[in-house]
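Engineer: Residue numbers (full-length UniProt numbering): 1 to 444. Here a beta-carbon is modelled for each residue, glycine too, at the ideal position from N, C-alpha and C.
1) At 3 residues or longer, what runs of the beta strand (DSSP E) sit wholly inside the region 122-181?
2) In three-state DSSP terms, what is residue 202?
3) What are the boundary residues of the beta strand (DSSP E) that includes residue 107?
4) What did DSSP end up calling residue 388 once you bin it into helix, strand or coil?
5) Cα-Cα, which of 92, 228, 272 is closest to residue 279?
6) Where does residue 115 fall in DSSP's three states?
7) For residue 254 versus residue 275, is the C-beta distance shorter than 8 Å?
8) Using only the alpha-carbon positions, how far apart do residue 238 and residue 285 sit?
9) Since residue 64 and residue 57 are thought to touch, with beta carbons under 8 Å apart, how far apart are those beta carbons, to the nearest angstrom?
10) What number of angstroms, rounded off, separates the C-alpha of residue 55 from the C-alpha of residue 292?
11) Can you find the residues in the same chain that come closer than 7 Å, C-beta to C-beta, to residue 211, ignoring five residues on each side of it along the sequence?
12) Could you check whether residue 172 and residue 152 sit closer than 8 Å to each other, using their CB atoms as the reference points?
13) Given a threshold of 16 other Cβ atoms within 10 Å of its Cβ, counted over all protein chains shown, does residue 248 qualify as buried or as exposed?
14) Cutting at 7 Å between CB atoms, please list the residues of its own chain near residue 140, excluding the five before and the five after it.
15) Quick check: what's the CA-CA separation for residue 36 versus residue 52?
16) Grouping DSSP H, G and I as helix and E and B as strand, with all else coil, what is residue 87?
17) Excluding the 5 residues preceding and the 5 following residue 22 in the sequence, name in chain order all residues of the same chain whose CB lies nearer than 6 Å to its CB.
18) State buried or exposed for residue 108, treating a residue as buried only when at least 16 other CB atoms are found within 10 Å of its CB.
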């Protein structure tokens, strides 16, 4: 979110955030009264979030269970969202469409429940995404662009359901990226990735009134909009790989059904979405590609009001020498105990656990190969030991020896050359005197 105080070149963000799972945000929709809430439609995500104008999250709608096949029994969308719009007459109701093939109505006052689930009419029982949706000006009709190229319209009335009141098949050969009602409820616009913009008369939906071709569209969010007096229709175009034209805003006359003007917006980026604001009479256009994007504002100083005019009329504030401030340097800030930050108990406990002495961590048992009854010692590799044993070069006979006989081998050497006890008594008691055994007396 950016503020509009100062010049456009000096406009800075006053609030920002990271989208869920770092996914792109193709749609950000303001409520009809432009008051405190705005809806974020997040691509490749099954839920939408509601933020206030300060960027604080007011809530998010629930996600449906992907293992339930009937979409009417799920609590929310189970696939990525493709579009959404506020009810123009009630800021408590929101309309969303999804790749799971459903359109849902939500109540902002209760994020955990949905008001209505609409399943479009299909020729075969399968899931086809709903690529776009919109309300009419009175908030009584809903239109949806379906992935099979059809346009379906529902009228909100008592006992209404998923059966559409108007169903037109094969309106476009590619995905329908945007639909828009006129204020009088007689004209419907449809923008598609087949590089066309079609104008429909809702009273005769068999054939379009006019088809404007050669309008490249490579983005699923490209839309079409009306001017405030609804005498003009505007839409954006995408950049072709081999084309010389950049992103354009194309204006068409509603009555004459002809092209009025083409305005170049960006030489290197495609124009994705556009909006003609009815109050300030300014055109907003978003541009970008797969990596980055931006926004442009078109205005007329004679007929536009506020908005960009507030920013353009003010030059950015120049920096003065008095604004310079030397940052103080702090030497040894933790020398005094009074200013020393005491670590928390959690950090102290984590530090003690890392020290094996303070944590009294027992030594781990030694494991691995060994030799001669000791782990960790060997005369060579295991392969070398195996080959020596097989060749008879290493003979381990200690398992076949008698322990008593092995000790008595050193009896004669110990008697001739004593080293431990006998030398201590060689002068005072050359002949050893042993104590008499009391075992005989005890037996008696």
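Structural biologist: Quick look at the numbers:
1) Correct list: 130-135, 141-146, 151-155, 166-168, 176-181.
2) coil
3) 103-107
4) helix
5) 228
6) strand
7) no
8) 12 Å
9) Not confirmed; about 20 Å, so no contact.
10) 22 Å
11) Closer than 7 Å at Cβ, skipping near neighbours: 196, 198.
12) No, the pair does not count as a contact, with Cβ atoms beyond the cut-off.
13) buried
14) The residues are 155, 156.
15) Legend: pLDDT at residue 36 = 46, less than 50; position of this residue unreliable, no value from coordinates given.
16) In the structure shown, residue 87 sits in a strand (DSSP, three-state: E or B).
17) In this predicted model, residue 22 has a pLDDT of only 48, less than 50, meaning its place in the structure is not dependable enough to derive any value.
18) Per the 10 Å Cβ criterion, buried.
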